[in-house]
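One gets our numbering by counting positions in the sequence shown from 1 and adding 9 to each.
Single-structure report; data block below.
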Amino acid sequence: MNTVPVYMPYITSYFMPRHDGDRPAVVPEGSKNLAFIGNFAESPTRDTVFTTEYSVRTAMESVYTLLNVDRGVPEVWSSVYDIRELLRAMYYMSDKKKLADQEMPLPKKLAVKAGMKKIKGTWIEELLEEANLI
10 MNTVPVYMPY
20 ITSYFMPRHD
30 GDRPAVVPEG
40 SKNLAFIGNF
50 AESPTRDTVF
60 TTEYSVRTAM
70 ESVYTLLNVD
80 RGVPEVWSSV
90 YDIRELLRAM
100 YYMSDKKKLA
110 DQEMPLPKKL
120 AVKAGMKKIK
130 GTWIEELLEE
140 ANLI
């Protein structure tokens with residue numbers, strides 16, 4: 010059996026305002042053999058669409074639900090709230106340069122230098138060292 014799509018979502022549909030119920034549940038209530046997967050299905054997790062993880066998570070959720078697999082879908086990793094991840098991203102986005110080697114206006118450079126003296130021996134200094142920023 011061949012399927013021909015007759016309607017494709019607009020490319021901007023990922024970024025349109027959303028409301029509860031505007032997308033079908035991954036496994037609709039009462040469904041025995043139908044599931045929706047991907048970015049246009051409503052997952053109860055706190056993940057965001059437009060990621061590969063969301064698509065994989067909805068697929069896992071549908072398989073586990075329809076086949077009654079007693080296993081949970083992996084939690085969304087909270088990297089957005091983890092300062093270590095943000096500092097590591099800063100390091101890579103600045104071409105793997107230490108704070109002292111990054112180009113910035115003189116007032117900011119002086120502020121960084123003064124700030125480094127204040128954080129000496131603190132947990133913040135450890136975090137910056139771990140992220141290779143100092």
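In this text, a Cβ means the ideal position worked out from N, Cα and C, and glycines have one as well.
Between V85 and D110, the beta carbon gap of about 35 Å keeps them out of contact (Cβ cut-off 8 Å). The beta carbon of E51 lies closer than 6 Å to those of R32, A34 in the same chain, with the five residues before and after it left out. DSSP places P33 outside any alpha helix (DSSP H), giving it a letter other than H or E. By the CB criterion at 8 Å, F59 and Y23 fall inside the cutoff. Around the beta-carbon of Y100, 16 or more other beta-carbon atoms lie within 10 Å, marking it buried. As the crow flies, the alpha-carbon of R80 is around 55 Å from that of L115. In the structure shown, the three-state DSSP call for E38 is coil. Taking the C-beta atoms as reference points, V15 is found no nearer than 8 Å to T74. In the displayed model, E51 falls within a strand according to three-state DSSP.
Apart from sequence neighbours up to five positions away, no residue of its chain approaches V72 with a beta-carbon distance below 6 Å. Under the DSSP assignment, G81 falls outside any alpha helix (DSSP H); it carries neither an H nor an E label.
Per DSSP, reduced to three states, the secondary structure at A44 is coil, with no helix or strand assignment.
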